[in-house]
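First up is the structure itself, then whatever we jot down about it.
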Amino acid sequence: MNQGWQNLQISPLLDITILQGLAVLCLVAVIVFTIFRLRGTVWRGVVMVLVLLALLAPQFTDRESEKLSDIILVLVDRSASQNIANRAAQTDAAIAELQDRFAEDPSVELRFEDVPGDSDTRMFAVLDRLLGGLPRERLGGVMMITDGQVHDVPSSLDLNAPLHVLISGGRDERDRRLVIRQSADYGIVGKDAEFMIEAVDPQLPPGTAIPVRMLLEDGTEREIALPANEQRRVSIPVPHAGSVLAELRMDTLEEETDKSNNRLILETTGVRDRLRVLLLSGEPHPGERAWRNLLRADPGVDLVHFTILRPPEKGDDTPINELALIPFPIRDLFEVRLRQFDLIIFDRYQMRGVLPPHYLEKVVDFVKWGGAALVVAGPEYVGPDGLASTALNDLMPATPTGRVIEQAFVPRVNQAGRLHPVTTAIAGSPNTPPKWGQWYRQIETRISDPDAMTLLTGVDELPLLTMQRVEEGRVAMLSSDQMWLWQRGHDGGGPVAELLRRLSHWLMKEPALDENTVLTERSPDGESLILNWRKIGAAPEAASVINPETGEQINAAFEQLPDQSWQATVPIETRGLIRVRVRDQDDRSQTALHVDRDVLTAETRNTNSTPDLLAGLVAENDGYIGRIEDGLPDFRHVPDDRIWHGSNWAGFLQTDSFKTVIGGITNLLPIPFVALLIGAICLLGWRVESK
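Residue 1 is where the sequence shown starts when you use full-length UniProt numbering, and the numbers rise one by one after that.
Below, the structure is given as C-alpha cells:
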C-alpha cells in the first residue's frame, strides 16, 4: 500500500543541548538589545533565528509503506504413528488443499515444518522454536496436522492468534493395548513384585476377560486373564537380586491399527531383604577382626558371629558361668535356621567337639541347595582336627597337600583374575602390578575341579584364592590366614576391604559380580543382537536365540576381540524379551536375557487418533478442530475484530504489519542558502544603520 505522505523532522547539526544553550543566549541578547533600544535589534534577531534554524536542519522525508504478509505456521506430524493406515495420505491431501487456498494470496505466507518422532511426538517444542524466530505481530495463526497423539501438550497456550488442528485417522480405529498403571521399582528376593496392569480395548465391555501370556526369565510361560478396561494386579516372581524381567503378550487382532503395544515389558530390581551371614571363628586371632569389621559396616548385612574362646578339652578351674558368653546354639543354627543364611564363613575353624561332623554334611547340602560357604584356611586346616578331613573339604575347589609354607610372598592377580569382576578392580596394569604388602604363610593346595577358578596366587604361583560354583550354590577358599596384615598396613598394606567385600558379595550372588556374563545390545540398525561374552575357561563356540514370535532358532558363532572378550552377532529383528543361550567348547551352556526396553515407547503406547488431547488448547485460542475424514473446513483470511472459526470454516488473522520504505529527503534550509540570506540581511542592516 502506497500512502505517499510527507513527514517533517529535524536533523540537528549540533547536540540538542548545545542548541538549547545557544537559543537561551540569543533570547537574552534580544531582550538586552530591546531594553537599551539599540539600533538594528530586528535585523540581529532575524539573523539569530536563521542561524538556529539552520543548525536544527529541518527536513521533509518522503515515506512509502508496504503491507507485510501474514505468517501462518503449519506443523505437520511425521511421527511413526502417522504411517498407520491412510494417515499420511490424509495429511498430504490437507497440505495440498491449504496450499491451493492461499496460492494466489500474496498477503499470506505459509511456513511448513515437519515434526518427526520415532519414540514420541513433540509438536509444541517445535512450535516454541519457530515462534522465537519470527515477529509475533506478523503471526496470522497456527495449523497442526496430526493424529492427535502429541506428547508435550502444555497446560495453557496464549498465541494471540488462532490455533487450528486437523486430525488424521478414523473414528472406527481399534487398538488394543497393555498399559502399566502402577509399576514396582523394587522387589524382595524370594517374593513377588506386583504391578497394576490394564488391558485397554474400547470396543469391549468393561470386565470382559482377555487372555494374556506371561513370559518369565526362566523360560516358563503362564496364562492369565485380564479384565478389559479395568486395572488388575499382576505379580512376577523375584528369584534373584538385580534386574528382574517378564513380558506380557496379548493376542493381536487383524483390524488393529498397531500391534506393537500388545506387548509389555515388566521390569523390577530384586533386592535382598537382609543378607544373613554366619561367621564361625575357630579361635581369637587378628584376621577375624577384618571379617567382623567388614560385615558389620555393611547396613544390608545381618551378622551372626561365634568364636570358640576355649576348647572343650581344656581343663581348669574356670567357673561354668564364665566359660562362654552364651551357649553355642548348634541345633538352632544348623538344623532350624541354616537355610535362612546366605553365607557361612569358616575362619580358621577346627573340629574340637563343639560342632558334630554330621552338621557339616548339612552345610554341604545347604551350599548345593543355593547357599554359599567360604573357608579361610590356616595351619589348623590340615591339622588333626582340621576341616580338610571332613565332608566340607570335598566341597572346596582346592585340596590341601598337607604342606604349610612359611615364607614371604606378595599375592598376585593372575590372568583369570584380571577378567573376573571380583578382582579386576584391584588387578592394576599387567606391566605395572600394584605394590601390595607381603604375607608370610600359605597352605599349599591343588585345584580339585576343572571348573574351579583361581584369581589370586601366592608362593610359586600356587592357588591363593579359589572359587567355584557347586550346583545351585557357591564356595571359595582363601589358602592363607594372613590377610589381616593388609588391614594393619604392614609393608604398605593392600585392598583387603575391597577384596573381601567383592568376594562376599560374589558368594551371595550379586549379579554385577558374576563372571562369564553375556551382555547383549541391539545393533545400530536394529536388525541384530550383539552378544559380548567375557569368558573364563573354555572358549565360546556358538550362540542361539529362539525367536519369541515364530519359535525359529537362530545360531551364530563367536569371534575373539582384542580385549580378550568374545562377540557374536545374531540376526533377529523381533523386539521384546528374548532368551539367549551360549555354549563353550566344553559343551557347557549359559543363558542370558535381552530386553528391548524401547519396545513400547510413548509413540506406540496409544496409536488411536483422537482430538481429545488438543481440544482444550484449541478452544483456549479460539481455533477449529476436526477430522480430515469429515472434510476440510473453508480456510479464510479474517480481520482482527472477528471470531476466528466456525462449524465449517477456519480463519487466519489479518494483521496490521507494514514495512516502511524511506524515499527522498528534502532540506528546508540548505546551509548555502541560509549563508546567502544571512549575508544579505547583514548588508541590508548595515546599509540602513549607516544612514
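Where is the CB? At the ideal position from N, CA and C, for every residue including glycine.
What is the DSSP secondary structure of M123, counted as helix, strand or coil? Within the sequence shown, residue 123 is the residue found at index 123, counting from 1. M123: helix per DSSP, three-state reduction.
Cα separation between Y440 and H490? For the purposes of this step, residue 440 is identified with residue 440 of the sequence shown, where counting begins at 1. For the purposes of this step, residue 490 is identified with residue 490 of the sequence shown, where counting begins at 1. Using only the alpha carbons, I get a separation of about 11 Å.
Please name the residue or residues paired with S544 in a DSSP beta bridge. Looking up residue 544 in the sequence shown gives position 544. N555, R581.
Counting C-beta neighbours from all protein chains within 10 Å, is the total for Q560 16 or more, i.e. buried, or is it exposed? What you label residue 560 is simply residue 560 of the sequence shown in a count that begins at 1. Exposed, by the Cβ-count rule.
Between which two residues does the alpha helix (DSSP H) containing M483 stretch? Your numbering for residue 483 matches position 483 in the sequence shown. Segment: none, M483 is in no alpha helix (DSSP H) and carries neither H nor E.
Taking the alpha helix (DSSP H) that L19 falls in, what are its first and last residues? Counting from one through the sequence shown, the residue named residue 19 turns up at place 19. Unbroken alpha helix (DSSP H) run through L19: 16-35.
Could you tell me the distance, in whole angstroms, from the CA atom of E471 to the CA atom of N608? Counting from 1 along the sequence shown, the entry for residue 471 is found at position 471. Counting from 1 along the sequence shown, the entry for residue 608 is found at position 608. So the two alpha carbons sit approximately 51 Å from each other.
Three-state secondary structure assigned by DSSP to D77: For the purposes of this step, residue 77 is identified with residue 77 of the sequence shown, where counting begins at 1. If DSSP states are grouped into helix, strand and coil, D77 belongs with the strands.
So, using beta-carbon positions, are A538 and D584 closer together than 8 Å? The sequence position of residue 538 within the sequence shown is 538, counting from 1. The sequence position of residue 584 within the sequence shown is 584, counting from 1. It is a contact, given that the beta carbons lie within the stated cut-off.
Name the two residues that bound the continuous alpha helix (DSSP H) containing G417. Indexing the sequence shown from 1 puts residue 417 at position 417. Looking at the DSSP string, the run of the alpha helix (DSSP H) that includes G417 is 415-419.
Are the CB atoms of G141 and I210 nearer to each other than 8 Å? Indexing the sequence shown from 1 puts residue 141 at position 141. Indexing the sequence shown from 1 puts residue 210 at position 210. No, these two residues do not count as a Cβ contact at 8 Å.
Local conformation of G133 per DSSP, three classes: Numbered from its first residue, the sequence shown carries residue 133 at position 133. In this structure, G133 counts as coil in the three-state DSSP scheme.
Ordered along the chain, which non-local residues of its own chain (more than five positions away) have a Cβ less than 6 Å from that of K659? Taking the first residue of the sequence shown as position 1, residue 659 is located at position 659. Excluding residues within five positions, the ones whose Cβ falls inside 6 Å are E66, L68.
Buried or exposed by the 16-neighbour rule on C-beta atoms within 10 Å, applied to A398: The residue you call residue 398 lines up with position 398 of the sequence shown. Classification for A398: buried.
Using the rule of at least 16 other Cβ atoms within 10 Å of the residue's Cβ for burial, across every protein chain shown, is M1 buried or exposed? Taking the sequence shown and counting its residues from 1, one reaches residue 1 at position 1. For M1, the predicted structure reports a pLDDT of 41, less than 50, and the residue's modelled location is therefore unreliable. The matter cannot be settled from this model.
Nearest to L98 by alpha carbon, out of D630, A680, R636, L531? As a working mapping, residue 98 is identified with position 98 in the sequence shown. Nearest C-alpha to L98: R636.
Using DSSP with H/G/I as helix, E/B as strand and the rest coil, what is E549? The count along the sequence shown starts at 1 and reaches residue 549 at position 549. Looking at E549 - three-state DSSP - the assignment turns out to be coil, as it is neither helix nor strand.
Would you call S183 buried or exposed, if buried means 16 or more other Cβ atoms sit within 10 Å of its Cβ? Against the sequence shown, residue 183 aligns to sequence position 183. When all chains shown are included, S183 counts as exposed.
Span of the alpha helix (DSSP H) around S589: Sequence index remark: in the sequence shown, residue 589 carries index 589 (1-based). Run containing S589: none in the alpha helix (DSSP H); it sits in the beta strand (DSSP E), 589-595.
How many angstroms separate the CA atom of Q590 from the CA atom of R581? Against the sequence shown, residue 590 aligns to sequence position 590. Against the sequence shown, residue 581 aligns to sequence position 581. So the alpha carbons of these two residues sit roughly 6 Å apart.
Hey, how far is the Cα of G187 from the Cα of P299? Here residue 187 refers to the residue found at position 187 of the sequence shown. Here residue 299 refers to the residue found at position 299 of the sequence shown. Spanning the two alpha carbons is a distance of roughly 18 Å.
Provide the residue span of the beta strand (DSSP E) that contains F112, from first to last. Within the sequence shown, residue 112 is the residue found at index 112, counting from 1. Taken as a continuous stretch (DSSP letters only), the beta strand (DSSP E) holding F112 covers 108-117.
Less than 8 Å between the C-beta atoms of L507 and A388, yes or no? As a working note, residue 507 is residue 507 in the sequence shown. As a working note, residue 388 is residue 388 in the sequence shown. Between L507 and A388, the C-beta spacing is not below 8 Å.
With respect to the beta strand (DSSP E) encompassing V364, which residues constitute its N-terminal and C-terminal limits? Along the sequence shown, one-based indexing puts residue 364 at 364. Premise fails: V364 lies in the alpha helix (DSSP H), 357-369, not in any beta strand (DSSP E).
Helix, strand or coil for Q149 per DSSP? For the purposes of this step, residue 149 is taken as residue 149 along the sequence shown, with counting starting at 1. Residue state for Q149 is assigned as coil, using DSSP reduced to three classes.
Out of N83, E137, R87, T121, point me to the one whose CA is closest to D640's CA. Stepping through the sequence shown from its first residue, residue 640 is reached at position 640. Comparing Cα positions, the closest option is E137.
Suppose you measure from the CA of V688 to the CA of V30; what does that come to, to the nearest Å? If you number the sequence shown from 1, residue 688 lands on position 688. If you number the sequence shown from 1, residue 30 lands on position 30. Going by the C-alpha atoms only, they are around 19 Å apart.
Burial state of I344 (16 or more Cβ within 10 Å): Residue 344 sits at position 344 when you count from the first residue of the sequence shown. Using a 10 angstroms sphere on the CB of I344, the tally of other CB atoms reaches 16 or more, which defines it as buried.
Buried or exposed: where does K191 fall if 16 or more other Cβ atoms within 10 Å of its Cβ makes it buried? The residue you call residue 191 lines up with position 191 of the sequence shown. Exposed, since its Cβ has fewer than 16 Cβ neighbours within 10 Å.
Are the region 349-362 and the region 447-456 in contact at 8 Å, needing three or more beta carbon pairs? no
Which residues mark the beginning and the end of the alpha helix (DSSP H) in which V48 is found? Along the sequence shown, read from residue 1 onward, the residue named residue 48 stands at position 48. Reading the sequence as shown, one finds Met at residue 48 and not Val. 41-56 is the extent of the alpha helix (DSSP H) around M48.
Can you give me the start and stop residues for the alpha helix (DSSP H) that W291 sits inside? As a working mapping, residue 291 is identified with position 291 in the sequence shown. Element bounds for W291: 286-297.
Specify, as a first and last residue, the run of the alpha helix (DSSP H) that P442 falls within. For the purposes of this step, residue 442 is identified with residue 442 of the sequence shown, where counting begins at 1. Looking at the sequence itself, residue 442 is Gln, so the reference to Pro does not match. Segment 442-447 is the beta strand (DSSP E) holding Q442; no alpha helix (DSSP H) there.
Out of curiosity, what's the CA-to-CA distance linking K259 and T252? For this step, residue 259 is matched to residue 259 along the sequence shown. For this step, residue 252 is matched to residue 252 along the sequence shown. Whole-angstrom Cα-Cα distance: 6 Å.
With contact counted as at least three CB pairs below 8 Å, one residue from each stretch, are the region 499-516 and the region 283-298 in contact? Look at the beta carbons and you see the region 499-516 touching the region 283-298: at least three pairs across the two are nearer than 8 Å.
From S528, L600, E527, K535, pick the residue whose C-alpha is nearest to that of T517; which is it? Sequence index remark: in the sequence shown, residue 517 carries index 517 (1-based). Looking at the Cα atoms, K535 is the closest of the given residues.
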